[in-house]
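Participant: Sharing a structure below in structure tokens format, with a few things to ask.
Residue numbers (our numbering), protein chains in the order written: chain V, 56 to 359; chain S, 184 to 512.
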């Protein structure tokens, strides 16, 4: 019985793609590539790859040129000759599976953040943007409008989703932001707190804040300055943008770029090119391991 | 001679399988401490993330393409598509607007449609509006620009009109179907109905082949986009002041190279809001879904090189002109 090499390679590649996606889900590494909210799409992909594999396997043993079942537009792969082009094509398709299975996903670092431009200008730009808190309310509004769901009625049951927060949870978290002794920048509410503080830094002056992030320093910073930053990801890491707070700490020049810190300090206001931006005067800090969830994702109060 | 050729083939395939197995080894070995430059890991992560995001959509795309291949005949299409050019273009644009596709998933679908006899201009109309105008894209644009419908509406409106015009010019410039592999023998009309089971099997087989055809171009596109993201500073794109035309060009270059999914690009666009005028942001939003780097590579797998270049120039100049015109509205 003849074995068709190209067909078996295809089967192998399909199997490996399924394996790769499966591995991403099993290890949770998927969250280091894409927003986990969209991971159902890649689960569908696993299913498709497995179905494809099932259909591909019998083709390995098919004789060449024997496609009685294929009446129209016979596929382009009947003359299964090997040539340089074919080899390059297979090599290209194999490449991402290999690097994907071989190398662990890296967490984005300051070199990428620097590519987006000066960090402080990025931060002060974000300040100008529509506050994400507003955006958040709009989300629920648009859902309410779109599907005419009355979120305040008792019939309304929130859909369960990974980073899902109910209206009440967000409300209570925002009360905390206004009143709590220490503002804790937890991952789930990070972006909302971040935009509130960024929008109106002076109203948070003197409050204590606690957050985790990586150290990002730029050429024009003074010795005691750094930005404690995070990456904010909408869809996949290719669309990451950097967010963070300017921090001041004596001896900050000893801190390594990209090292992860947990800091506590008082919020103050700094001036950057005529714009008010928040600043943290660090009182306590420690070096930490990179967290399980290094990225910040948008809060979702609804499901597409 | 025959045996010699066979030997070469066998040798090559063995070589490839060997190469393949060599790569499999690392799965079982921990590569901790294996020193490659840090930027390689950054590149690799971004590269894979683009693929992980795009592959499910490509899979759906090739499945739909397979379905069209096996279940839709030339006769269906002939009765369905209006004879009138303008009507056909309108129809392509409207169906595209209703069809929730992304720019990589739509390429295999368009190829099948054109092979089945859909005129090139109608196919192009569908190709341009499919990823640009659909409910998910509109909603995400609306949200990203803070409850402002204006940007979402402009994106749809300008995009739709641009697509109509581009498809119309295509209909004048390119009378033939411009597909790469036109093999007369291949296009035998489905005459007798075969059992549904076989047809479904065939549908999957076509989808698999289509996937391998498409994915290599997607992978190259994702690779170049990731290289750009890893090594090029966005600020370096703004070297000469910030005139409107200049910033529009820069935003279009960005839209092209970043190759973002049309469902996520609004959020990135919004982050440029204070750096560039909203006209330039509109250019980013309209241009990116119509053509971008990874999608160009995929188009190259389907259409003749000259046509892809022509289409690229058409889309670029028309989107640029239209977007600039909105400035005077």
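Glycine is no exception: its CB is placed at the ideal position from the N, C-alpha and C atoms. Nothing here was measured: the structure is a model prediction, and the numbers come from that model.
So the candidates are V:349, V:307, V:283, V:257; which of them puts its Cα closest to the Cα of residue 242 of chain V?
Facilitator: Out of V:349, V:307, V:283, V:257, V:349 has the C-alpha closest to the C-alpha of residue 242 of chain V.
Participant: Excluding five sequence neighbours on each side, which residues of the same chain lie with their C-beta closer than 7 Å to the C-beta of residue 121 of chain V?
Facilitator: Because the pLDDT at residue 121 of chain V is just 44, under 50, the model does not fix this residue reliably, and the point stays unresolved.
Participant: So residue 68 of chain V and residue 139 of chain V are supposed to be a Cβ contact under 8 Å. How far apart are they, rounded?
Facilitator: That pair is no contact at about 19 Å.
Participant: To the nearest angstrom, how far is it from the Cα of residue 279 of chain V to the Cα of residue 95 of chain V?
Facilitator: Cα to Cα, residue 279 of chain V sits roughly 44 Å from residue 95 of chain V.
Participant: How about residue 225 of chain S and residue 166 of chain V: do their beta carbons lie closer than 8 Å?
Facilitator: Yes, the pair counts as a contact, with Cβ atoms nearer than the cut-off.
Participant: When DSSP builds the beta bridges, which residues end up paired with residue 444 of chain S?
Facilitator: Paired residues: none, contrary to the question.
Participant: When the cut-off is 8 Å and only beta carbons count, does residue 444 of chain S lie next to chain V?
Facilitator: Closer than 8 Å to some Cβ of chain V, the Cβ of residue 444 of chain S qualifies, so yes.
Participant: Looking at the C-beta of residue 482 of chain S, does it have a partner C-beta in chain V at a distance below 8 Å?
Facilitator: Judged by the 8 Å Cβ criterion, residue 482 of chain S is not in contact with chain V.
Participant: Alpha carbon to alpha carbon, how far is residue 297 of chain V from residue 340 of chain S?
Facilitator: Answer to the nearest angstrom: the Cα atoms are 32 Å apart.
Participant: I need the straight-line Cα distance from residue 312 of chain S to residue 256 of chain S, nearest angstrom please.
Facilitator: Cα to Cα, the separation comes out at about 24 Å.
Participant: With a cut-off of 8 Å, do at least 3 Cβ pairs link the stretch 261 to 271 of chain S to the stretch 330 to 347 of chain V?
Facilitator: No, the stretch 261 to 271 of chain S is not in contact with the stretch 330 to 347 of chain V.
Participant: Decide if the stretch 301 to 319 of chain V is in contact with the stretch 252 to 272 of chain V; the criterion is three or more beta carbon pairs, one per stretch, under 8 Å apart.
Facilitator: Counting Cβ pairs under 8 Å, three or more are found: they touch.
Participant: Pull up the distance between the alpha-carbon of residue 232 of chain V and that of residue 247 of chain V, whole angstroms please.
Facilitator: Using only the alpha carbons, I get a separation of about 10 Å.
Participant: Establish whether the CB of residue 412 of chain S and some CB of chain V are separated by less than 8 Å.
Facilitator: True, the Cβ-Cβ gap to chain V drops below 8 Å.
Participant: For residue 227 of chain S and chain V, any beta-carbon pair shorter than 8 Å?
Facilitator: It does; some Cβ of chain V falls within 8 Å.
Participant: For residue 551 of chain S, which residues in the same chain have their Cβ closer than 8 Å to its Cβ, ignoring the five residues on either side in sequence?
Facilitator: Outside the displayed span of chain S (184 to 512) sits residue 551 of chain S, for which this structure offers no information.
Participant: Which residue marks the beginning of the alpha helix (DSSP H) containing residue 521 of chain S, and which one marks its end?
Facilitator: The displayed coordinates of chain S run from 184 to 512. Any statement about residue 521 of chain S would go beyond what the structure contains.
Participant: Pick out whichever of V:244, V:250, V:157 has its Cα sitting closest to the Cα of residue 221 of chain V.
Facilitator: Closest option to residue 221 of chain V, Cα to Cα, is V:244.
Participant: For residue 506 of chain S versus residue 431 of chain S, is the C-beta distance shorter than 8 Å?
Facilitator: Yes; because the gap between Cβ atoms is below 8 Å, this pair is in contact.
Participant: Taking any Cβ of chain S, which residues in the stretch 155 to 167 of chain V have a Cβ under 9 Å from it, in chain order?
Facilitator: Under the 9 Å Cβ criterion, the stretch 155 to 167 of chain V contributes 155, 156, 157, 158, 159, 160, 161, 162, 163, 164, 166, 167.
Participant: Identify the residues that DSSP records as bridge partners of residue 285 of chain V: which are they?
Facilitator: Residue 285 of chain V is bridged to V:298.
Participant: With a cut-off of 8 Å, does the C-beta of residue 97 of chain V fall near any C-beta of chain S?
Facilitator: With 8 Å as the cut-off, residue 97 of chain V counts as an interface residue toward chain S.
Participant: Roughly how many angstroms lie between the CA atoms of residue 463 of chain S and residue 478 of chain S, to the nearest whole one?
Facilitator: Cα-Cα distance, rounded: 21 Å.
Participant: Going by DSSP, what residues sit across from residue 351 of chain V in a beta bridge?
Facilitator: The partner list for residue 351 of chain V (beta bridge, DSSP) reads V:287.
Participant: Taking beta-carbon pairs under 8 Å, can you tell me which members of the stretch 384 to 395 of chain S lie near chain V?
Facilitator: Listed by position, the residues of the stretch 384 to 395 of chain S near chain V (Cβ gap below 8 Å) are 384, 385, 387, 388, 389, 390, 391, 392, 394, 395.
Participant: Note down, in chain order, each residue of its chain lying with its Cβ closer than 7 Å to the Cβ of residue 393 of chain S, except the 5 sequence neighbours on either side.
Facilitator: The residues are 245, 248, 249, 291.
Participant: Report yes if the CB atom of residue 409 of chain S is closer than 8 Å to the CB atom of residue 476 of chain S, and no otherwise.
Facilitator: No, the Cβ-Cβ distance between residue 409 of chain S and residue 476 of chain S is not below 8 Å.
Participant: Per DSSP, what are the beta-bridge partners of residue 334 of chain V in this structure?
Facilitator: For residue 334 of chain V, which the question treats as bridged, DSSP gives the partners V:301, V:323.
Participant: Of the residues S:227, S:254, S:348, S:264, which one's Cα is nearest the Cα of residue 377 of chain S?
Facilitator: Of the listed residues, the one whose Cα sits closest to residue 377 of chain S is S:254.
Participant: Which one of S:444, S:414, S:321 has the shortest CA to CA distance from residue 289 of chain V?
Facilitator: Nearest C-alpha to residue 289 of chain V: S:444.
Participant: By alpha-carbon positions, which one of V:236, V:307, V:286, V:295 ends up nearest to residue 322 of chain V?
Facilitator: Residue V:236 is the option with its Cα nearest to residue 322 of chain V.
Participant: If the cut is a Cβ gap below 8 Å, which residues of chain S does residue 65 of chain V touch?
Facilitator: Within 8 Å Cβ-Cβ: 391, 395.
Participant: Ordered along the chain, which non-local residues of its own chain (more than five positions away) have a Cβ less than 8 Å from that of residue 240 of chain V?
Facilitator: Same-chain partners within the cutoff: 248, 249, 264, 265, 266, 267.
Participant: On a CA-only basis, which of S:354, S:252, S:238, S:237 is nearest residue 382 of chain S? Give me that one, please.
Facilitator: Looking at the Cα atoms, S:252 is the closest of the given residues.
Participant: Measure the CB-CB distance between residue 300 of chain V and residue 282 of chain V and report whether it falls below 8 Å.
Facilitator: In contact: residue 300 of chain V and residue 282 of chain V (Cβ atoms closer than 8 Å).
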